[in-house]
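There are 2 protein chains.
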Amino acid sequence: MRVLGVDPGLTRCGVGVVEGSPGRVCTLLAYYVVHSDPGDELPVRLLHLDRSLADLIAEHRPESVAVERVFSQHNVRTVMGTAQAGAVAVLGAARAGLPVQMYTPSEVKAAVTGSGQADKAQVTAMVTRLLRMSAPPRPADAADALALAICHVWRGGTRARLTGAVAGQRRNGGVR
Amino acid sequence: MRVLGVDPGLTRCGVGVVEGSPGRVCTLLAYYVVHSDPGDELPVRLLHLDRSLADLIAEHRPESVAVERVFSQHNVRTVMGTAQAGAVAVLGAARAGLPVQMYTPSEVKAAVTGSGQADKAQVTAMVTRLLRMSAPPRPADAADALALAICHVWRGGTRARLTGAVAGQRRNGGVR
Numbered sequence: 002m003r004v005l006g007v008d009p010g011l012t013r014c015g016v017g018v019v020e021g022s023p024g025r026v027c028t029l030l031a032y033y034v035v036h037s038d039p040g041d042e043l044p045v046r047l048l049h050l051d052r053s054l055a056d057l058i059a060e061h062r063p064e065s066v067a068v069e070r071v072f073s074q075h076n077v078r079t080v081m082g083t084a085q086a087g088a089v090a091v092l093g094a095a096r097a098g099l100p101v102q103m104y105t106p107s108e109v110k111a112a113v114t115g116s117g118q119a120d121k122a123q124v125t126a127m128v129t130r131l132l133r134m135s136a137p138p139r140p141a142d143a144a145d146a147l148a149l150a151i152c153h154v155w156r157g158g159t160r161a162r163l164t165g166a167v168a169g170q171r172r173n174g175g176v177r
Numbered sequence: 002m003r004v005l006g007v008d009p010g011l012t013r014c015g016v017g018v019v020e021g022s023p024g025r026v027c028t029l030l031a032y033y034v035v036h037s038d039p040g041d042e043l044p045v046r047l048l049h050l051d052r053s054l055a056d057l058i059a060e061h062r063p064e065s066v067a068v069e070r071v072f073s074q075h076n077v078r079t080v081m082g083t084a085q086a087g088a089v090a091v092l093g094a095a096r097a098g099l100p101v102q103m104y105t106p107s108e109v110k111a112a113v114t115g116s117g118q119a120d121k122a123q124v125t126a127m128v129t130r131l132l133r134m135s136a137p138p139r140p141a142d143a144a145d146a147l148a149l150a151i152c153h154v155w156r157g158g159t160r161a162r163l164t165g166a167v168a169g170q171r172r173n174g175g176v177r
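As given, the protein sequences belong to chains A and B, one line each in that order.
According to my numbering, the residues represented by the first sequence are 2 to 177, in order.
According to my numbering, the residues represented by the second sequence are 2 to 177, in order.
Dropping the structure here:
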């Protein structure tokens, strides 16, 4: 399963591509940070992000896309940019005909570190270890995108196993 | 000048198309409300809005697009949906190669009613009058989009006149 993870941001948008299957080690394929200039107008910034993501999808041909779900934060201005960039990512995946799954930050942290309260350093350390990288991803913004992609591979696997289990139970008449 | 105005919203997105020139009466060409089901998944909703706006741009061939600038509101969930829908509108216009201008709600209110603090009923009444409609637009969500389009026609004209005035001053050596 090849997954493209997106940690949305208007100024810096992290993108990570990994391949793996549930319960196995994930392989790092690529990671990027798409930058846009805060001094540029919004249409220019959104168009640049849209085109960059479309290029990355065309280059890496993921089977699905995982995007971080935006929640309220203290800084409303930051939330707005994150929501706008997230919409561009979700729309871009949908236009490419790819399934999109969204995860909250704590779901992602829990998936890669075992704790939904883990800090950024811990997430980066685990991503580096899980993908057998010789050094943490640089720029650091890509670490969250890689964590999202790993989370999706594993959770997708979890869902697939659950579905399989339920299907098995149904066949056996075990579901009440 | 033909302008397509967008009052962004995820569940209801108002769209209005008017034609006019600065200092003249505007003509109503069309208005719509693009609906999406809150029960549907985000990728489906954003894709529906994107395609609807692309169809409307193709049908009406506006020269520019005006989108309401989203600000912080009390309800963070509403702000997020508005920011996401606004990003789809801005990106859609940019992808179509159209210039996009954003206006705050109070700029729009001031343009059509003379007061930045005008309420929704007052904006609707003025839009109905300015476009010589026999009755207020239904659904009402379209009124704000029409007001945005009118605002852009008039403000575009204002900017053009200012630019002309400054150019004139420059030619005459009148700018210090």
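Glycine is no exception: its CB is placed at the ideal position from the N, C-alpha and C atoms.
Here the structure is a predicted model, which is why all the values come from computation and not from measurement.
Should residue i be labelled buried (16 or more other beta-carbon atoms within 10 Å of its own) or exposed?
i	result
Lys-121(A)	exposed
Val-19(A)	buried
Gln-118(A)	exposed
Asp-1(A)	Past the boundaries of the shown model lies residue 1(A); chain A is included only from 2 to 177, so the question cannot be answered.
Gly-17(A)	buried
Asp-8(A)	buried
Leu-163(B)	Note that Leu-163(B) has pLDDT 48, beneath the 50 cutoff, so the model's placement of it is unreliable and the number below is only indicative. Exposed is the call here.
Cys-14(B)	buried
Glu-60(B)	exposed
Arg-171(A)	In this prediction, Arg-171(A) has a pLDDT of 43, which is less than 50 and means its spatial position is unreliable; nothing more can be read from the coordinates.
Pro-44(B)	buried
Ser-116(A)	exposed
Ala-136(B)	exposed
Gly-21(B)	buried
Pro-138(B)	buried
Thr-125(B)	buried
Thr-159(A)	No answer about Thr-159(A) holds up, because its pLDDT of 45 lies below 50 and its placement is not dependable.
Gly-82(A)	buried
Gly-10(A)	buried
Gly-157(B)	buried
Val-89(A)	buried
For residue i, which residues in chain A fall below 7 Å Cβ to Cβ?
i	result
Pro-9(B)	Those within 7 Å of Pro-9(B) in chain A number zero; the least Cβ separation is about 10 Å.
Leu-48(B)	Leu-92, Ala-95 and Arg-96
Val-89(B)	Ala-88 and Leu-92
Leu-5(B)	Correct list: empty, because the minimum Cβ distance to chain A is about 14 Å.
Please name the residue in the options whose C-alpha comes closest to that of residue i.
i	options	result
Phe-72(A)	Ile-58(B), Val-19(B), Gly-17(B) and Ala-84(B)	Ala-84(B)
Gly-24(B)	Ala-144(B), Ser-135(B), Pro-140(B) and Leu-131(B)	Leu-131(B)
Ala-94(A)	Val-35(A), Ala-67(A), Val-113(A) and Lys-110(A)	Ala-67(A)
Asp-123(B)	Asp-145(B), Met-103(B), Leu-54(B) and Gly-87(B)	Sequence check: residue 123(B) is Gln here, not Asp. Among Asp-145(B), Met-103(B), Leu-54(B) and Gly-87(B), the Cα nearest to that of Gln-123(B) is on Asp-145(B).
Ser-65(A)	Thr-129(A), Gly-87(A) and Met-103(A)	Met-103(A)
Val-101(B)	Met-81(B), Pro-138(B), His-153(B) and Ser-107(B)	His-153(B)
Leu-147(A)	Met-127(A), Ser-135(A) and Ile-58(A)	Met-127(A)
Gly-98(B)	Leu-47(B), Val-113(B) and Arg-62(B)	Arg-62(B)
Thr-28(A)	Leu-5(A), Gly-10(A), Ile-58(A) and Ser-116(A)	Leu-5(A)
Ala-86(A)	Ile-58(B), Pro-140(B), Pro-106(B) and Leu-47(B)	Leu-47(B)
Ser-107(A)	Tyr-33(A), Leu-30(A), Asp-51(A) and Leu-149(A)	Leu-149(A)
Asp-51(A)	Ala-111(A), Lys-110(A), Leu-92(A) and Gly-40(A)	Leu-92(A)
Val-35(A)	Thr-114(A), Thr-12(A) and Glu-69(A)	Thr-12(A)
Ala-112(A)	Arg-70(A), Trp-155(A) and Val-80(A)	Trp-155(A)
Val-26(B)	Tyr-32(B), Ile-58(B), Arg-3(B) and Asp-41(B)	Arg-3(B)
Thr-32(B)	Asp-41(B), Pro-39(B), Ser-53(B) and His-49(B)	Note that residue 32(B) is Tyr in the sequence shown, not Thr. Tyr-32(B) has its Cα closest to that of Ser-53(B), out of Asp-41(B), Pro-39(B), Ser-53(B) and His-49(B).
Leu-57(A)	Pro-39(A), Pro-140(A) and Leu-30(A)	Leu-30(A)
Val-109(A)	Ala-90(A), Glu-42(A), Asp-38(A) and Arg-70(A)	Arg-70(A)
Which chain A residues sit within Cβ distance under 9 Å of residue i?
i	result
Asp-51(B)	Leu-92, Ala-95 and Arg-96
Taking only heavy atoms of the ligand HEM into account, decide whether any of them is closer than 6 Å to the Cβ of residue i.
i	result
Ser-107(B)	No copy of the ligand HEM appears in this structure; indeed no ligand is present at all.
Output, in chain order, the set of chain B residues within a Cβ distance shorter than 7 Å of residue i.
i	result
Pro-39(A)	What Pro-39(A) touches in chain B: nothing, since even the nearest Cβ is about 15 Å away.
Pro-44(A)	Val-91, Ala-94, Ala-95 and Val-101
So which residues of chain B does residue i contact, with C-beta pairs closer than 8 Å?
i	result
Ala-84(A)	Val-80, Met-81, Ala-84, Gln-85 and Ala-88
Mind pulling the alpha helix (DSSP H) runs of 4 or more residues that sit fully within the segment 93 to 125 of chain A? 106 to 114
Taking only beta carbons into account, state which residues of the segment 52 to 71 of chain B come closer than 8 Å to chain A, listed in chain order. Val-71
Hey, which unbroken runs of the alpha helix (DSSP H) at 4 residues or more fall wholly within the segment 36 to 66 of chain B? 43 to 61
When you check each C-beta in the segment 101 to 123 of chain B against every C-beta of chain A, which residues fall closer than 8 Å? Val-101 and Met-103
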